[in-house]
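Engineer: Dropping the structure in here first, questions after.
Number of protein chains: 2
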Amino acid sequence: MLSNSEQPITNADRTFFKLRKDIVEGVIPAGSKLSETELSTKYEVSRAVIREAINRLATCHLVERKANVGARVVALSPEGLIQLYQVREALEGMAARLAARYMSDEEIGDMQSLLDSHFDKVKDSHNYYQEAGDVDFHYRIVTGSKNEHLISVLIDGLYHLVRMYRVQLGMAGPRVSTAFDEHRHIVNAIANRDEELAEILMRRHILYSKNNIEKKLNHD
Amino acid sequence: MLSNSEQPITNADRTFFKLRKDIVEGVIPAGSKLSETELSTKYEVSRAVIREAINRLATCHLVERKANVGARVVALSPEGLIQLYQVREALEGMAARLAARYMSDEEIGDMQSLLDSHFDKVKDSHNYYQEAGDVDFHYRIVTGSKNEHLISVLIDGLYHLVRMYRVQLGMAGPRVSTAFDEHRHIVNAIANRDEELAEILMRRHILYSKNNIEKKLNHD
DNA sequence: AATGCTTAAATTGTCGACAAAGTTTGTTTT
DNA sequence: AAAACAAACTTTGTCGACAATTTAAGCATT
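Okay, structure coming up:
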């Protein structure tokens, strides 16, 4: 799809990004119906570009479309979250393995210094790392795999769903510092070119992450 | 997307399936440009449905689209094949793990008898299993994972690319009987509810499969 | 002859209108 | 009053035309 060129070119691009943002952040509620005519007036574009945007959202699994009926925003559920993290575990585990194989020494160095700079900020404001830092770390691993499929499925697809769960369930989580340590260990494994360990640690990291969010979800 | 409802409803569905078929089977050559107007006359539909079909193909990674420029059929390359199988290894490994966890006893029984019936046909015509049997086996594992993301990424996406490589590189491979044995072992692990082993065996199976195709590809 | 600019052709992006399918409402029938 | 049918309405699917952008061609210039 796009993956790299994240700057919108066409009108459909812009509308797609806006719609995705509004869905992820809950401006358009989960489970609600998406009327093409309604959206076309709201976002001030023709129905054609709305249709294209909705189609793209459907491939991201952010909306579900039925022929001759319409599209609905996906509903958030415990099962959906579990399935999401099952796939993340598989894909990001492999991404970590491939990152250990293919990332350049320079890229690894950048990532290490990135973690260092994050570490300083973690000391002060404890909830900084969660948003920016965590996202940044995972992005680098995934792109470091140099695998187009991995990159597009995760970055263009699953990550937006993950963020949707995080945002709409109000995650600020106390898992900040422990997650940080896990990131350190993963980077070390990659720096040592230990593919096996990198994959194992990443899978475990995501499992922990899942358990953390799952706890919150079942607690309400 | 669709995943389940594989019977086309709308005109865009039909065109999407036709186009996909023609691309996978090489009727439309790999790397060639897709002109919207040209295709709209060829398939006797309006440009709008061609556009929608092309957009869907883009999310399957069967074509690549650039804004204001157009779409091209993806090119087959050794790197592309390797990346494809890296993702398959991760996803289908996880699928096997989840199949061992979630498949019902009945589903497992069906799969075992399916392998039995295939075994008879393998004895006679040695190249039967490759097409129908192999596909059937992997489909059952993937759907057995009960994971929507896994199912859609693999069945709606990657498998068509895999088939494109197979068809266009003329694979009939002598790996028939060995692959069959590997399938047996995987099913056994699933029947024993041994998640760990099921994943390991599936990953190994796909690695072998990759090496087999890779050999052919580098040999020309 | 090669390079750069200008203009023409072709292709993609966007739009509004019409056709088809689904949904709702109101009426009739049991 | 409940169920079944029919008509009106709403929503999606499809189409042809126009606008914007890219590509190609032609011309002028060095």
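Here the protein sequences line up with chains A and B, keeping their order.
Take 2 as the starting number for the first sequence in this note's numbering and just add one per residue.
Take 2 as the starting number for the second sequence in this note's numbering and just add one per residue.
Cβ atoms here follow ideal geometry from the backbone N, Cα and C, with glycine treated the same way.
(1) For S4(A) and T144(A), what's the separation of their Cα atoms in angstroms?
(2) Should the region 47-62 of chain B be regarded as contacting the region 97-110 of chain B, the criterion being three or more beta carbon pairs within less than 8 Å?
(3) What's the gap between the Cα of R73(B) and the Cα of I207(B)?
(4) Report the CB separation of E149(A) from Q84(B) in whole angstroms; it is logged as a contact under 8 Å.
(5) For V28(A), does the three-state DSSP call read helix, strand or coil?
(6) Establish whether the CB of M2(B) and some CB of chain A are separated by less than 8 Å.
(7) What's the C-alpha gap between N213(A) and E200(A)?
(8) Is DSSP giving G71(B) helix, strand or coil here?
(9) Give the single residue among A101(A), F138(A) and L99(A) whose Cα lies nearest to the Cα of N118(A).
(10) For Q87(A), is the classification buried or exposed, using 16 other Cβ atoms within 10 angstroms of its Cβ as the cut-off for buried?
(11) Shortest alpha-carbon distance to I24(A) belongs to which of A13(A), R194(A), K67(A) and L162(A)?
(12) DSSP three-state call for S6(A): helix, strand or coil?
(13) Can you name the start and end residues of the alpha helix (DSSP H) that N81(B) belongs to?
(14) Do H184(A) and L77(A) have their beta-carbon atoms positioned less than 8 Å apart in this structure?
(15) Does the CB of H184(B) have a neighbour CB from chain A at under 8 Å?
(16) Could you tell me whether the Cβ of Q169(A) comes closer than 8 Å to any Cβ of chain B?
(17) Looking at L151(B): is its Cβ nearer than 8 Å to the Cβ of L202(B)?
(18) May I have the straight-line CA-CA distance separating D135(A) from D195(B), to the nearest angstrom?
(19) Counting only beta-carbon atoms, is L77(A) nearer than 8 Å to chain B?
(20) Kindly list the residues whose CB is nearer than 7 Å to the CB of R98(A), restricted to its own chain and excluding five residues on each side of it in sequence; keep chain order.
(21) Pull up the distance between the alpha-carbon of K22(B) and that of E53(A), whole angstroms please.
(22) Measuring straight from C-alpha to C-alpha, what distance separates I29(A) and V64(A)?
(23) Roughly how many angstroms separate the alpha carbons of T38(B) and D121(A), rounded to a whole number?
(24) Is L35(B) helix, strand or coil by DSSP?
(25) So which residues on chain A does M95(B) lean against when the C-beta distance must stay under 8 Å?
(26) Can you tell me whether N193(B) is buried or exposed, with buried defined as 16 or more other CB within 10 angstroms of its CB?
(27) Please state if the CB of S146(A) and the CB of A100(A) are separated by a distance shorter than 8 Å.
(28) Along chain A, in chain order, which residues have C-beta atoms closer than 7 Å to that of E26(B)?
(29) Is DSSP giving V64(A) helix, strand or coil here?
(30) What residue range is occupied by the uninterrupted alpha helix (DSSP H) comprising T144(A)?
(31) If we ignore side chains and look at the alpha-carbon of each, how far apart do M165(B) and I142(B) end up?
(32) Output needed for P79(B): all residues of its chain with C-beta closer than 8 Å, excluding positions within five of it in sequence on either side, in chain order.
(33) Are N69(A) and I10(B) touching if we call contact CB-CB under 8 Å?
(34) What does the Cβ neighbour count give for A133(A), buried or exposed, with the cut at 16 atoms within 10 Å?
(35) Can you look up A76(A) in the DSSP assignment and give me helix, strand or coil?
(36) For G94(B), count neighbouring Cβ atoms within 10 angstroms of its own Cβ and tell me buried if that reaches 16, exposed if not.
Structural biologist: The structure says:
(1) Bear in mind that a pLDDT of 46 at S4(A), under 50, signals an unreliable position, so the model cannot answer this.
(2) In short, these stretches do not touch, since the Cβ pair count stays below three.
(3) Roughly 29 Å separates the two Cα atoms.
(4) That pair is a contact at about 6 Å.
(5) Three-state DSSP puts V28(A) in coil, outside helix and strand.
(6) Caution is warranted here: a pLDDT of 45 is assigned to M2(B), below 50, making its placement in the model unreliable, and no coordinate value can be reported.
(7) Roughly 20 Å between the two C-alpha positions.
(8) In the displayed model, G71(B) falls within a strand according to three-state DSSP.
(9) The residue you asked about is not Asn; residue 118(A) is Ser in the sequence shown. Nearest C-alpha to S118(A) among A101(A), F138(A) and L99(A): F138(A).
(10) Answer is buried; the Cβ neighbour count reaches 16.
(11) Looking at the Cα atoms, L162(A) is the closest of the given residues.
(12) At S6(A), the pLDDT of 48 sits below 50, so the modelled position is not reliable and the matter cannot be decided from this model.
(13) It is Gly, not Asn, that sits at residue 81(B) in the sequence shown. From DSSP, the alpha helix (DSSP H) with G81(B) extends over P79 to Y103.
(14) Not in contact: L77(A) and H184(A) (Cβ atoms no closer than 8 Å).
(15) Residue contact with chain A for H184(B): absent (no Cβ-Cβ distance below 8 Å to any residue of chain A).
(16) Not an interface residue.
(17) No; because the gap between Cβ atoms is not below 8 Å, this pair is not in contact.
(18) Rounded to the nearest whole angstrom, the CA to CA distance from D135(A) to D195(B) is 33 Å.
(19) Taking Cβ atoms only, chain B never reaches closer than 8 Å to L77(A), which makes this a no.
(20) So the list reads E196, A199 and E200, once near-sequence residues are dropped.
(21) Computed Cα separation, rounded: 22 Å.
(22) Just so you know, the alpha carbons of I29(A) and V64(A) end up roughly 11 Å apart.
(23) Going by the C-alpha atoms only, they are around 57 Å apart.
(24) Looking at L35(B) - three-state DSSP - the assignment turns out to be strand.
(25) Neighbourhood of M95(B) in chain A, by CB distance below 8 Å: Q87, V88, E90 and A91, in chain order.
(26) Counting other Cβ atoms within 10 Å of its Cβ, N193(B) stays below 16 and is therefore classed as exposed.
(27) Contact flag set, yes.
(28) Result: empty, since nearest Cβ-Cβ is about 22 Å, beyond 7 Å.
(29) Correct three-state label for V64(A): strand.
(30) Element bounds for T144(A): D135 to G145.
(31) Approximately 21 Å, taken between the alpha carbons.
(32) Excluding residues within five positions, the ones whose Cβ falls inside 8 Å are E215, L218 and N219.
(33) A distance below 8 Å separates the beta carbons of N69(A) and I10(B).
(34) A133(A) should be labelled exposed.
(35) The answer is coil: DSSP assigns A76(A) none of H, G, I, E or B.
(36) Burial call: buried.
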